[in-house]
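The letter at position 84 of the sequence shown is residue 86 when you use the working numbering, and the numbering goes up by one with no holes.
One structure below.
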Amino acid sequence: MNQKVLKTLEYYKIIERLTDCAASEPGKKMCRELTPSSDFNEIVQAQTETADAVTRVRQKGSLSLAGVRDVRDSLKRLEIGSSLNITELRAISSMLTIAARAKAYGRHEDDDEYEDSLEEMFRLLEPLTPLNNEIKRCILSEDEISDEASPGLHKVRRSMKAINDKVHSQLNAILNSNLQDAVITMRDGRYCLPVKSEYKSQVPGMVHDQSSTGSTLFIEPMAVIQLNNQLRELEIQEKKEIEAVLADLSNQTAPYTESILLNQQLLAKLDFIFAKAALSRHYKCSEPQFNTNGYIHIKDGRHPLLDPAKVVPINLYLGKDFDLLIVTGPNTGGKTVSIKTVGLFTLMGQAGLHIPAFDGSELAVFEEVFADIGDEQSIEQNLSTFSAHMTNVISILNQADSHSLCLFDELCAGTDPTEGAALAISILSFLHNMKCRVMATTHYSELKVFALTTPGVENACCEFSVENLQPTYRL
């Protein structure tokens with residue numbers, strides 16, 4: 003599908019809202035990359051997945067997949083024998099926890115025969131519970147390894163606690179005898195006492211720092227230097243023990259890289275599908291039926307970007323008895339919104355998204371959608387509005403075929419009305435002979451006559467209330 007029409011019909015605004023519905027970064031990435039397909043089977047599969055997710059949410063509530071992160075770089079490091087850090091192991095643990103939760107969500111205890119398009123994805127999830135439990139047992143938080151992670155770490159930390167207690171006892175003894183108001187502090191990783199410079203002689207030891215005014219010195223008393231040295235040695239040992247724990251957890255994780263990668267792919271896909279379901283529920287959408295014979299039938303379609311409290315639903319069909327529809331009506335009466343709704347619904351439907359319309363609405367699979375809507379004026383290319391529109395129309399005529407949907411807003415407006423109407427009729431006749439599906443809005447009465455006198459072409463109008471002189475926006 004050409005990029006221009008995705009922008010013209012504001013498809014990317016729908017994608018932004020879809021992305022907001024996803025909970026994980028891999029899921030959001032899939033949402034951002036979603037484009038309409040022209041493969042009938044692919045579209046039907048995507049629509050079925052969205053519908054099945056909507057059904058599951060209605061029956062079981064929503065599935066939260068927040069916390070899934072991209073761990074592919076970590077898995078590559080495991081494959082070459084590297085050790086992972088705490089953050090990487092926690093990311094894998096978080097994913098396995100979510101996989102376990104998702105697998106439980108996917109089960110149907112009351113109906114073993116239940117089968118839908120999502121069943122296989124839930125079944126393939128591998129929570130690797132023993133591995134996940136081991137990671138959780140050893141890693142308590144982003145900056146804390148459990149004392150029980152290994153016997154060596156437990157022994158080192160017990161020694162550190164004992165020496166810490168001794169250091170505090172010694173320092174408290176000095177405080178009680180010499181420095182009533184001082185507190186124990188740390189400088190360069192060593193326990194010190196803040197001492198007024200005039201009392202320096204009362205606390206023999208190493209000076210590690212001084213206050214900005216120079217009135218206070220931070221002294222490591224002689225009595226605790228040896229203990230502080232032992233503490234630093236133990237800290238080095240602790241670091242080595244932690245590295246050993248992380249290496250061991252990495253070795254335990256390495257055999258499961260394929261399963262973990264599959265989990266990430268499945269959870270991202272599920273997050274993406276359930277984001278589509280959330281969007282469907284938000285806009286009160288339904289699953290459109292698809293055909294390959296160019297037939298469109300929209301029942302009570304509501305443009306999703308308009309205020310839901312004010313939007314007027316449209317009913318429209320095209321492609322069975324006629325394949326060219328000319329839409330007339332007052333200014334700001336809803337003509338442009340009508341053709342934008344048809345175009346956007348086609349793009350949404352072919353991307354596997356439900357559409358905000360009544361059940362039983364039908365859409366056709368088009369290989370391309372073309373639209374000439376809005377202000378095409380280009381100052382850079384030195385084109386007037388009419389010239390810019392004609393440049394776009396010529397591009398459409400060169401590419402469109404019987405598998406295309408073409409949308410024109412005020413075709414050939416902005417020039418002499420007689421010439422504009424003649425040009426518009428020739429363009430529409432060309433596309434009609436090409437068997438394209440076409441919708442065009444116009445003010446030209448000649449185009450209304452063209453629709454009345456040409457087989458396969460139909461008139462439609464956006465209603466205007468004569469009583470209160472207001473458009474009703476009904477097609």
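Quick reminder that beta carbons are idealized off the backbone N, C-alpha and C, glycines included.
Practice prompt. Would you list the residues sitting across from Gln291 in a DSSP beta bridge?
Written response: Glu364
*Between the stretch 293-302 and the stretch 318-329, do at least 3 Cβ pairs fall closer than 8 Å?*
yes
Original post:
Quick one, are the C-beta atoms of Thr330 and Cys463 less than 7 Å apart?
Top reply: yes
- Close beta carbons around Phe274, own chain, < 7 Å, minus the five adjacent residues each side: Ala24, Gly29, Met32, Cys33
Cα separation between Val395 and Thr50? 36 Å
*asked:* Please report the distance separating the alpha-carbon of Ala104 from that of Lys157.
replied: 39 Å
What is the rounded straight-line gap between the Cα of Glu370 and the Cα of Asn135? 51 Å
#### Entry: Stretch-stretch touch, CB-based, cutoff 8 Å, three pairs: the stretch 194-212 with the stretch 144-161
no
request  = Can you tell me which of the three DSSP states Cys23 falls into?
outcome  = helix
How should Tyr193 be labelled, buried or exposed, when 16 other C-beta atoms within 10 angstroms of its C-beta is the threshold for buried? buried
Open item on the list: Rounded to the nearest angstrom, what separates Lys242 and Leu11 at their Cα positions?
Closed with: 59 Å
**Item:** Nearest candidate by alpha-carbon position, reference Ser406, set Thr444, Val367, Ser95
**Value:** Val367
Delimiting residues of the beta strand (DSSP E) encompassing Leu126: Premise fails: Leu126 lies in the alpha helix (DSSP H), 121-126, not in any beta strand (DSSP E).
Note to self: Starting from Tyr107, trace the alpha helix (DSSP H) in both directions and tell me its first and last residue.
What the structure shows: 88-108
Give me the DSSP bridge partner(s) of Gly422.
Answer is none; Gly422 lacks a bridge partner.
Taking the alpha carbon of Gly303 as the point to measure from, which residue in Phe347, Ile238, Arg109 has its own alpha carbon closest? Phe347
Scan the stretch 200-257 and note each continuous beta strand (DSSP E) run of 3 residues or more that stays entirely inside, going in chain order.
-> 207-212, 218-223
Integer Cβ distance of Thr455 from Gly416, believed to fall under 8 Å
About 25 Å; that fails the 8 Å criterion.
Note down the Cα distance separating Ser380 from Leu126, rounded to an integer number of angstroms. Per-residue confidence for Ser380 stands at a pLDDT of 49, beneath the threshold of 50, marking its modelled position as unreliable; the derived number appears in the next sentence. Going by the C-alpha atoms only, they are around 52 Å apart.
- Cβ neighbours of Leu20 in the same chain (closer than 8 Å, five flanking residues each side left out): Cys33, Leu36, Ala277, Lys278, Leu281, Leu355
**Prompt:** Which two residues bound the contiguous beta strand (DSSP E) that contains Leu318?
**Reply:** 316-320
- Could you check if Ile82 is buried or exposed, using at least 16 other CB atoms within 10 Å of its CB as the buried criterion? exposed
By DSSP, does Thr348 sit in helix, in strand, or in coil?
helix
Under 7 Å between C-beta atoms of Leu219 and Val185:
no
Is the CB-CB distance between Pro132 and Leu98 below 7 Å?
no
Subject >> Assigned secondary structure, Phe276 (DSSP; H/G/I helix, E/B strand, else coil) >> reply: helix
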